[in-house]
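Count along the sequence shown from 1, then add 1; that gives the number in the numbering used here.
Just so it is clear, CB atoms sit at the ideal spot from N, CA and C, and this is done for glycine as well.
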Amino acid sequence: MNNLKNKTAKTLKWTLIDRVLQQLLYAVTGIVLARMLSQTDFGLVGAVLVFQAFASLLIDSGFSFALIQRKEPTQTDYSTVLWFNLGAAAVLYTILWFAAPLIALCFQNDLRLIPLSRVMFLSIILNASAIVQTNRLMKQMNVRPVTVSNAAGLAAGAIVGIWLAVSGFGAWAIVWQTLVAAAVKSAILWLGCSWRPSPVFSWSALRSFFGIGGRMMFTSFLNTLFLNLYSLFIGAFVGLRSLGFYTQSDKWSKMGIMSISQTLTSSFLPPLSAVQDDRDRFRRMTSKMNRFTAYILFPAMLGLMAMATPVFHLLFGTKWDPSILLFQLLLLRGVFTVLNALYNNYLLALGHARSIMWLEVLRDSVAVVALAITFPYMGLATADDPVYGLAILLWGQLASSAITYVATLIVVCRHVEIRPWNYLLDLAPYAALTLAIIPLMLWIGSLTPSPLLQLLAEAVVALALYLGINRLLGSRIQTDVFAFARGKASF
Numbered sequence: 002m003n004n005l006k007n008k009t010a011k012t013l014k015w016t017l018i019d020r021v022l023q024q025l026l027y028a029v030t031g032i033v034l035a036r037m038l039s040q041t042d043f044g045l046v047g048a049v050l051v052f053q054a055f056a057s058l059l060i061d062s063g064f065s066f067a068l069i070q071r072k073e074p075t076q077t078d079y080s081t082v083l084w085f086n087l088g089a090a091a092v093l094y095t096i097l098w099f100a101a102p103l104i105a106l107c108f109q110n111d112l113r114l115i116p117l118s119r120v121m122f123l124s125i126i127l128n129a130s131a132i133v134q135t136n137r138l139m140k141q142m143n144v145r146p147v148t149v150s151n152a153a154g155l156a157a158g159a160i161v162g163i164w165l166a167v168s169g170f171g172a173w174a175i176v177w178q179t180l181v182a183a184a185v186k187s188a189i190l191w192l193g194c195s196w197r198p199s200p201v202f203s204w205s206a207l208r209s210f211f212g213i214g215g216r217m218m219f220t221s222f223l224n225t226l227f228l229n230l231y232s233l234f235i236g237a238f239v240g241l242r243s244l245g246f247y248t249q250s251d252k253w254s255k256m257g258i259m260s261i262s263q264t265l266t267s268s269f270l271p272p273l274s275a276v277q278d279d280r281d282r283f284r285r286m287t288s289k290m291n292r293f294t295a296y297i298l299f300p301a302m303l304g305l306m307a308m309a310t311p312v313f314h315l316l317f318g319t320k321w322d323p324s325i326l327l328f329q330l331l332l333l334r335g336v337f338t339v340l341n342a343l344y345n346n347y348l349l350a351l352g353h354a355r356s357i358m359w360l361e362v363l364r365d366s367v368a369v370v371a372l373a374i375t376f377p378y379m380g381l382a383t384a385d386d387p388v389y390g391l392a393i394l395l396w397g398q399l400a401s402s403a404i405t406y407v408a409t410l411i412v413v414c415r416h417v418e419i420r421p422w423n424y425l426l427d428l429a430p431y432a433a434l435t436l437a438i439i440p441l442m443l444w445i446g447s448l449t450p451s452p453l454l455q456l457l458a459e460a461v462v463a464l465a466l467y468l469g470i471n472r473l474l475g476s477r478i479q480t481d482v483f484a485f486a487r488g489k490a491s492f
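Rendered as structure tokens:
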């Protein structure tokens, strides 16, 4: 048991290091590219990413979830999934290469998308080659090699992307940044890890994953559709410039949202799966994970919402001001996204992939209703606000996310055999404390016109108050968070 605790602590530590390094590298590259490239350049890449997201999903087919959930995957299991991923990637790339003119047709027949998409889609094959290697390391709770490969890939991609942007290559800078990052990451994983696939492919092994993997693939498909549907509609019906504003706000909001969500997915799922048969301990672990998540989630998301204007002005000047409100709305929706991902981990650890699938169906159904209601207003714009209609669109999606969270809370509590009120009480203190601190933080920031000084003042005040009040109240979870960061605590 102590070995599991130590592995969990080290996994979380290295996962946090991985996310921090990724976000720093993304931030440096993103700031330079956002200053040098146009809104249309980002819109072009955003259009390609819509199709790439679905292709990447179909390649994995949910088998990564099934491999992690399975207690003891075999060499045949891993080899079969790897060969399937590579074969699916080759087939999908061929289809997408020929479909490139149709992709351009979807976005007002902008022919620049044809060569961009054909080169960008090569990253699908590169990423497919790294899925199983990454999965095996995460299953073993050995995150350090994954951290190294991610950081090296992003650093190499950043160098290439910035050089191309400075040289005037426009959207191609982002394309080659993506390709180089994927290639370097995959190469390091293969060169640095001893595992090699066997020359076997077992249909029985593949079929054995369909119970969990098939449902998780369908769930992920709906989730990907949910996340990319807006880009498709915005690019097709409003224009690539508006898509550029949305893509920029979505990119920066996801840096925080996905970092927290992926950290929880990779770090929490293995230990939960290990105690899935001990229901009392499972409940205690989920309660602590709730508080751990809330302690980080609410100050990170709500605090960043409050600091959005000085952050954008410091990094980009006023070039991307229309993206600020969209960024804030996406962060607020991200609170529900992270909590839903956390609860899905609980369900997946208990083997309830069917419940996750139906909850995703519910979420997407509600989101489609919200999209239908707000669609007539999506193209609205004023002289001062070119994304007025897009904000209406995101308010509708925020409401749909809140509705889905309530449904997910009820379902997960039924399976874990605990009252929803208990989970809400786990979250409430950290949400309330953050909301109480924000007005003072904003007032302090308003005393200076400098974005840098405003950002520093708000961040220092918020951090000092949050840490100080938690310490005065004797917060055990704060002690645990710092212990986890040092690799000396566990669930």
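Of the residues the options, which one's Cα is nearest the Cα of residue i?
i      : options                           : result
Ile470 : Ala433, Leu456, Gly245 and Gly390 : Ala433
Phe234 : Tyr378, Asn346, Val461 and Leu474 : Tyr378
Ala152 : Gln263, Leu22, Gly31 and Cys194   : Leu22
Asn423 : Ala368, Arg285, Ser168 and Val201 : Arg285
Ile445 : Gly193, Glu459 and Leu464         : Glu459
Val49  : Asp385, Ile393 and Gly245         : Gly245
Leu327 : Ile439, Cys414, Leu395 and Val407 : Leu395
Tyr247 : Thr30, Leu456 and Gln40           : Gln40
Val133 : Ala384, Val161 and Leu190         : Leu190
Leu1   : Arg113, Met358 and Leu230         : The shown model of the chain, from 2 to 492, leaves out residue 1, and the question about it has no answer.
Leu428 : Ile297, Thr405, Val413 and Val388 : Ile297
Thr405 : Leu464, Ile258, Met358 and Met442 : Met358
Ala400 : Ala188, Glu418 and Asp365         : Asp365
Tyr94  : Val161, Leu123 and Ala182         : Leu123
Gly236 : Val370, Val46 and Thr383          : Val46
Glu418 : Arg282, Phe170 and Phe299         : Arg282
Tyr431 : Gly352, Leu351, Phe299 and Ile325 : Phe299
Met442 : Leu425, Val461 and Pro450         : Val461
Gln42  : Val176, Ser80 and Phe376          : What sits at residue 42 in the sequence shown is Asp, not Gln. That would be Val176, whose Cα lies nearest to the Cα of Asp42.
Lys140 : Val51, Glu73 and Leu340           : Glu73
Ser195 : Ala156, Ala307, Pro146 and Ala159 : Pro146
Start and end of the alpha helix (DSSP H) containing residue i?
i      : result
Phe202 : Looking at the DSSP string, Phe202 is not in any alpha helix (DSSP H), and its letter there is neither H nor E.
Pro102 : Gln76 to Cys107
Phe122 : Per DSSP, Phe122 belongs to no alpha helix (DSSP H) and is neither H nor E.
Phe293 : Arg280 to Ala307
Arg364 : Ala354 to Thr375
Cys414 : Tyr389 to Val417
Tyr347 : Ser324 to Ala350
Leu155 : Arg145 to Val167
Thr462 : For the sequence presented, residue 462 should be read as Val rather than Thr. Per DSSP, Val462 belongs to the alpha helix (DSSP H) from Pro452 to Leu473.
Asn110 : From DSSP, Asn110 is part of no alpha helix (DSSP H); its letter is neither H nor E.
Lys140 : Ile132 to Lys140
Ala172 : Here Ala172 belongs to no alpha helix (DSSP H), and DSSP marks it neither H nor E.
Gly446 : Pro421 to Gly446
Within 10 angstroms of the Cβ of residue i, are there 16 or more other Cβ atoms? Answer buried if so, exposed if not.
i      : result
Ile411 : exposed
Thr294 : buried
Gly390 : buried
Ile125 : buried
Leu303 : buried
Thr435 : buried
Gln53  : buried
Pro272 : buried
Arg1   : Outside the modelled stretch of the chain, which goes from 2 to 492, sits residue 1, for which no answer is possible.
Asp385 : exposed
Trp204 : exposed
Gly397 : buried
Asp251 : buried
Ala350 : buried
Val336 : buried
Cβ of residue i less than 9 Å from any chain E Cβ?
i      : result
Ile393 : Looking at the structure shown, chain E is missing, and only one protein chain is on hand.
* Are there three or more Cβ pairs, one per stretch, closer than 8 Å when the stretch 472-486 is compared with the stretch 331-344? -> In short, these stretches do not touch, since the Cβ pair count stays below three.
* Asked: Below 8 Å, can you find three or more Cβ-Cβ pairs linking the stretch 340-351 to the stretch 309-325?
  -> With the cut-off at 8 Å, the stretch 340-351 and the stretch 309-325 do not touch.
* Asked: Just checking, does the stretch 307-316 make contact with the stretch 441-456 on the three C-beta pairs under 8 Å criterion?
  -> Under the Cβ criterion (8 Å, minimum of three pairs), the stretch 307-316 counts as touching the stretch 441-456.
* Asked: Does the stretch 21-35 come within contact of the stretch 103-122, defined as at least 3 CB pairs closer than 8 Å?
  -> No, the stretch 21-35 is not in contact with the stretch 103-122.
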